[in-house]
Amino acid sequence: MAKKLHVTATINGEQVEFLCEPRQSLLEVLRDELGLTGAKEGCNNGNCGACTVMMNGVPVVACCVLAVEAEGAKIETIESIAQEGHLHPIQQCFLEGAALQCGICT
528 MAKKLHVTAT INGEQVEFLC EPRQSLLEVL RDELGLTGAK EGCNNGNCGA CTVMMNGVPV
588 VACCVLAVEA EGAKIETIES IAQEGHLHPI QQCFLEGAAL QCGICT
C-alpha cells in the first residue's frame with residue numbers, strides 16, 4: 528500500500544488539507560474525500576469534459592490530474608458559483624431541466 532501524501536490547496540475559496548495516494552486523481556479526491564460532486568466522472572480519460580474544474584484559472588479535466596498536483600493550487604468547482612446559499616442561474620436551469628449528470632444532454 529502506498530504512503531498517503533499530504534496536500535494543501537484552496538478549493539472554492541477555502542484552504543483545504545487532504546491525504547491522497549500518489550496515483551489518486553483530483554476527481555476522486557473532490558468527489559469521494561471532499562464531497563464535491565459537481566464534477567462528474569464520464570469517460571475517465573479526459574475526452575468528455577464532465578469533470579472539468581478550474582485550476583489556477585485554467586480549465587483542467589480532473590480525472591487526468593493527480594490529486595498531489597493540486598498542492599498549493601487554487602481550484603474552483605461548479606459548486607463555487609453559488610452565491611450566499613442561492614443557486615447560480617446556470618445551476619437553477621440544471622435543476623429545472625432535470626440535468627442530473629454533466630449537462631451535456633440538457
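As numbered in the working numbering, residues 528 to 633 make up the sequence shown, in order. Note that CB positions come from ideal geometry on N, CA and C, so glycine has one too.
Residues in its own chain within less than 6 Å of E544 by CB, not counting five upstream and five downstream? Counted from its first residue, the sequence shown places residue 544 at position 17. For E544, where only same-chain residues beyond five positions count, the Cβ hits under 6 Å are T535.
How many Å lie between N572 and Q542 at the Cα? For the purposes of this step, residue 572 is taken as the residue at position 45 of the sequence shown. For the purposes of this step, residue 542 is taken as the residue at position 15 of the sequence shown. Note on geometry: alpha-carbon atoms of N572 and Q542 lie some 28 Å from one another.
So, is I617 buried or exposed, given that buried needs 16 or more other C-beta atoms within 10 angstroms? The residue labelled residue 617 in the question sits at position 90 within the sequence shown. Exposed, because fewer than 16 other Cβ atoms sit within 10 Å of the Cβ of I617.
Give a yes or no on whether the C-beta atoms belonging to R550 and L593 are separated by under 8 Å. Looking up residue 550 in the sequence shown gives position 23. Looking up residue 593 in the sequence shown gives position 66. Yes, the Cβ-Cβ distance between R550 and L593 is below 8 Å.
Taking S552 as the reference, give the member of G584, E568, G612 and E603 with the closest Cα. Here residue 552 is taken as the residue at index 25 of the sequence shown, counted from 1. Closest in alpha carbon position to S552, among G584, E568, G612 and E603, is E568.
Buried or exposed for V587, please, with buried defined as at least 16 other CB atoms from any protein chain shown within 10 angstroms of its CB. Here residue 587 corresponds to residue number 60 of the sequence shown, with the count starting at 1. Flag for V587 reads buried.
Report, in whole angstroms, the separation of the C-beta atoms of K531 and E548, which I expect to be a contact under 8 Å. Position 4 of the sequence shown holds residue 531. Position 21 of the sequence shown holds residue 548. Going by Cβ atoms, the distance from K531 to E548 rounds to 6 Å, so yes, they are a contact pair.
Answer yes or no: do T604 and L563 have a C-beta to C-beta separation smaller than 8 Å? Within the sequence shown, residue 604 is the residue found at index 77, counting from 1. Within the sequence shown, residue 563 is the residue found at index 36, counting from 1. Cβ atoms of T604 and L563: closer than 8 Å.
I538 and I602 - do their beta-carbons sit closer together than 8 Å? As a working note, residue 602 is residue 75 in the sequence shown. As a working note, residue 538 is residue 11 in the sequence shown. Yes, Cβ-Cβ distance for I602 and I538 is below 8 Å.
List, from N- to C-terminal side, the beta strand (DSSP E) runs of 3 residues or more that fit wholly inside the stretch 532 to 607. 532 to 538, 541 to 547, 579 to 582, 585 to 588 and 601 to 603
How big is the Cα-Cα spacing for A626 and E598? Counting from one through the sequence shown, the residue named residue 626 turns up at place 99. Counting from one through the sequence shown, the residue named residue 598 turns up at place 71. Computed Cα separation, rounded: 32 Å.
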